[in-house]
DNA sequence: CTTGACCTTCCCGCCATGGGAACCCCCATC
DNA sequence: GATGGGGGTTCCCATGGCGGGAAGGTCAAG
């Protein structure tokens, strides 16, 4: 049994977040006589699981479902796969959206002199003049 | 002079957000005798500017600087361009991070049967078994 | 004069995380 | 046995960018 600090060091999850995960019901450590949270190896494994899932960008609500599936020996891998692929789609949609922003902004910036003069197609676009160079 | 609802309709920014932008000092509408906010065309132009900048993913603090540059007739386009290109870099970094997550998760999912059986490399990875198929 | 559509301010929620205050606990050292 | 420091505990606040909603004021049309 370890303290929260030890569990944090062992799992790579900050003590702050470990308490948070407990508050939202992802983990339920025991309590020592002095009131300190007491973590077993299995708890640390859960924390590592959570961290890995977070590293892949899963929202905590999905992490909760993944944890449930992980613990369920009768799970179907199809269900896990569905959660994963849904998340892949969400990630790719978000990435595509960001790349689209980057591309149009980069395009605008390419047409900006970038010198001491005030003329700037970027500001023109933001103002809503619907871009000069499109004409 | 228009009310906040009219300004919202004209600018495409919700009344809620218009008040928020005012609270953080991006816009300063006048007040009518009855206490209602009163927006001129110039205010609506500011709101549209904000919306366009937000559509390109600029954080509000950067929008604030862009607005200042927009209003400054002696601005240098170089400064605008720098803000823009910094933001492009941030967007691309974020997009790359998301795509990396999507790619590794997709890879894991490809090796998941996705049937009624419980075996699942996705869960194995999350557990931290460091992926079987890498061997 | 009521109704309803608008306006006002203020508070709370999301998501995931960090910072910090105020207090308790335990161990080592003097 | 006192003290100090490095834990732990709870609780509140902040981030960013928005939404929901309550409680109340205002105005125009019926």
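Chains as they are written, first to last, in the numbering used here: chain A, 55 to 189; chain B, 55 to 189.
Backbone N, C-alpha and C fix where the C-beta goes; we use that ideal spot for every residue, glycine too.
Every value quoted in this text rests on a predicted model; they were computed, and no experiment measured them.
Item	Value
Within chain B, the residues that residue 128/A reaches when beta carbons sit closer than 8 Å	172
CB contact flag (residue 92/A, residue 84/A, <8 Å)	yes
Closest by C-alpha distance to residue 87/A, when choosing among 178/A, 129/A, 100/A and 57/A	57/A
Residues that residue 93/B bridges to, as DSSP identifies them	56/B
Residue 150/A versus residue 75/A - alpha carbon distance	30 Å
Segment contact, 8 Å Cβ cut-off, at least three pairs: the stretch 143 to 160 of chain B with the stretch 117 to 132 of chain A	no
Burial state of residue 119/A (16 or more Cβ within 10 Å)	exposed
Endpoints, alpha helix (DSSP H) assigned at residue 176/B	175 to 181
Residues that residue 66/A contacts on chain B, provided the C-beta gap is smaller than 8 Å	Chain B residues near residue 66/A: none, gap ~10 Å exceeds 8 Å.
Short-range partners of chain B found in the stretch 131 to 156 of chain A, where Cβ spacing is below 7 Å	131, 132, 134, 135, 138, 139, 141, 142, 145, 146, 148, 149, 152, 153, 155 and 156
Chain B within 8 Å of residue 91/A, Cβ atoms only	no
Residue 61/B classed as buried or exposed, judged by whether at least 16 other C-beta atoms fall within 10 angstroms	buried
Minimum Cβ-Cβ distance from residue 78/B to chain A less than 8 Å	no
Reference residue 65/A; option with closest CA among 109/A, 79/A, 78/A and 89/A	109/A
Contact list for residue 179/A against chain B, beta-carbon separation under 9 Å	106 and 110
Within 8 Å, strictly: CB atoms of residue 142/A and residue 163/B	yes
Under 9 Å from the C-beta of residue 114/B: neighbouring residues of chain A	Neighbours of residue 114/B on chain A: none; closest Cβ ~14 Å, over 9 Å.
Classification of residue 182/A by the beta-carbon crowding that lies within 10 angstroms, buried from 16 upward	exposed
Other residues of its chain near residue 55/A: CB distance less than 8 Å, five sequence neighbours each side excluded	84, 86, 92, 93 and 94
Cutoff 8 Å: residue 168/A Cβ touching any chain B Cβ	yes
Where residue 170/A falls, given that 16 or more other Cβ within 10 Å makes a residue buried	exposed
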